[in-house]
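Line by line, the protein sequences give chains W and D. Take 4 as the starting number for the first sequence in this note's numbering and just add one per residue. Take 4 as the starting number for the second sequence in this note's numbering and just add one per residue. Glycine included, every Cβ here is placed at the ideal spot set by N, Cα and C. Report on the structure given below.
There are 2 protein chains.
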Amino acid sequence: MQYQEIAKMLSSRGIRPTQQRLAVYDYLLQHRTHPSADTIYGALIEQNPTFSRTTVYNSLHTLVQAALVKELTMDTEERHYDADIRPHGHFHCRQCGEIADIRLDGDLLQALRPAGYTVQEQEVYFSGLCPACGEATGK
Amino acid sequence: MQYQEIAKMLSSRGIRPTQQRLAVYDYLLQHRTHPSADTIYGALIEQNPTFSRTTVYNSLHTLVQAALVKELTMDTEERHYDADIRPHGHFHCRQCGEIADIRLDGDLLQALRPAGYTVQEQEVYFSGLCPACGEATGK
DNA sequence: ACTAACATTGTAATCATTACAAACTGGAAA
DNA sequence: TTTCCAGTTTGTAATGATTACAATGTTAGT
Numbered sequence: 004m005q006y007q008e009i010a011k012m013l014s015s016r017g018i019r020p021t022q023q024r025l026a027v028y029d030y031l032l033q034h035r036t037h038p039s040a041d042t043i044y045g046a047l048i049e050q051n052p053t054f055s056r057t058t059v060y061n062s063l064h065t066l067v068q069a070a071l072v073k074e075l076t077m078d079t080e081e082r083h084y085d086a087d088i089r090p091h092g093h094f095h096c097r098q099c100g101e102i103a104d105i106r107l108d109g110d111l112l113q114a115l116r117p118a119g120y121t122v123q124e125q126e127v128y129f130s131g132l133c134p135a136c137g138e139a140t141g142k
Numbered sequence: 004m005q006y007q008e009i010a011k012m013l014s015s016r017g018i019r020p021t022q023q024r025l026a027v028y029d030y031l032l033q034h035r036t037h038p039s040a041d042t043i044y045g046a047l048i049e050q051n052p053t054f055s056r057t058t059v060y061n062s063l064h065t066l067v068q069a070a071l072v073k074e075l076t077m078d079t080e081e082r083h084y085d086a087d088i089r090p091h092g093h094f095h096c097r098q099c100g101e102i103a104d105i106r107l108d109g110d111l112l113q114a115l116r117p118a119g120y121t122v123q124e125q126e127v128y129f130s131g132l133c134p135a136c137g138e139a140t141g142k
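Shown next, in the form of structure tokens:
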């Protein structure tokens, strides 16, 4: 996606498309690794030495509020973020630390939803060993 | 469950059944509210004024290690614990804060598991409004 | 009863996140 | 274009759950 398109997307949602917000959102769109706030900060400080950690947090909150970014629910120390807001699950490898997307059937996901509850967020989360690490460890 | 039975259960797993560990585990067995470490501490300090917060953390870690207690994966500030280790999901109400168990079909849960991965933990998590709060807010 | 391994306790440290206030910016109104 | 102001960014200080650590206490097996 072009920077200008991203800017328009933010504008259309009433979010002022500042350089910083664009940078954070663009980073998330380019890196589908579910980074933490600090990872994003580390990458962006390289390009703009005055970038502030607080701004990363602020931008993430704004993007999450606008439903453009999802804050993942995981048992890790830090929070992780995902620009892919389509329904899917996540797998956290305890060996290599990688967080992988898990494709999940839409009907199956729907079937999980508890009757009577108003579901605003849903997360299907796994942890263990990814295929590569499972192989290396002997499963 | 009787205190002695709990003690035997711990012993059989090589865990010394100390008063403190028994108290923490018993609290979790009696209170199916998915309490946080601090909630447990607040309850147990009443009965034993020398009870330490660190001991609650230590005991919980030990119980989790022994697979007697599950550490829940949620987007809350604190970690929550559950003595019910059978597979089921959780719903966190953003209004009243309650964490409810969500019964989930075993076959359905199994169907979610991604091929090729070694799954050690699995969590199906929802947040939103519980039936009571949804009704009050007008869904 | 002795002793060595294991547990508990209280305090201090850690670390991700938030609070806050001052400085800055960008777009609307004149 | 200039002015102005609401909204943003920034750096530092505070928060708060959890962990580290070291001293003290306890238990189980000999």
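For V59 (chain D), the enclosing alpha helix (DSSP H) has its first and last residue at 56-68. Within the stretch 117-130 of chain D, contact with chain W at the beta-carbon level (separation under 8 Å) is assigned to P117, G119, Y120, T121, V122, Q123, E124, Q125, E126, V127, Y128, F129, S130. Using a Cβ distance threshold of 8 Å, R97 (chain W) and L132 (chain W) count as a contacting pair.
Just measuring C-alpha positions, the residue of D:R89, D:L71, D:F94, D:I88 sitting nearest D78 (chain D) is D:F94. In the DSSP assignment, A40 (chain D) falls within the alpha helix (DSSP H) that extends over 40-50. Secondary structure at V122 (chain D): strand, using DSSP grouped into helix, strand and coil. Secondary structure note for C136 (chain W): its alpha helix (DSSP H) is the uninterrupted segment 134-140. Around the C-beta of P117 (chain W), 16 or more other C-beta atoms lie within 10 Å, and the residue is accordingly described as buried.
Fewer than three Cβ pairs drawn from the stretch 126-141 of chain D and the stretch 5-18 of chain D lie within less than 8 Å of each other, which leaves the two stretches out of contact.
Secondary structure of V72 (chain W) (DSSP, three-state): coil.
Contact check for Y84 (chain W) and L115 (chain W): beta-carbon distance about 23 Å, past the 8 Å limit, so the pair fails to qualify. A check of alpha carbon separations from P20 (chain D) across D:H37, D:Q33, D:R56, D:T65 identifies D:T65 as the nearest. Contact residues of the stretch 36-67 of chain W toward chain D are absent (C-beta to C-beta distance below 8 Å). Excluding sequence positions up to five before and after D41 (chain W), its CB lies less than 6 Å from no other CB in the same chain. Shown here, G109 (chain W) sits in a helix according to DSSP, grouped into three states.
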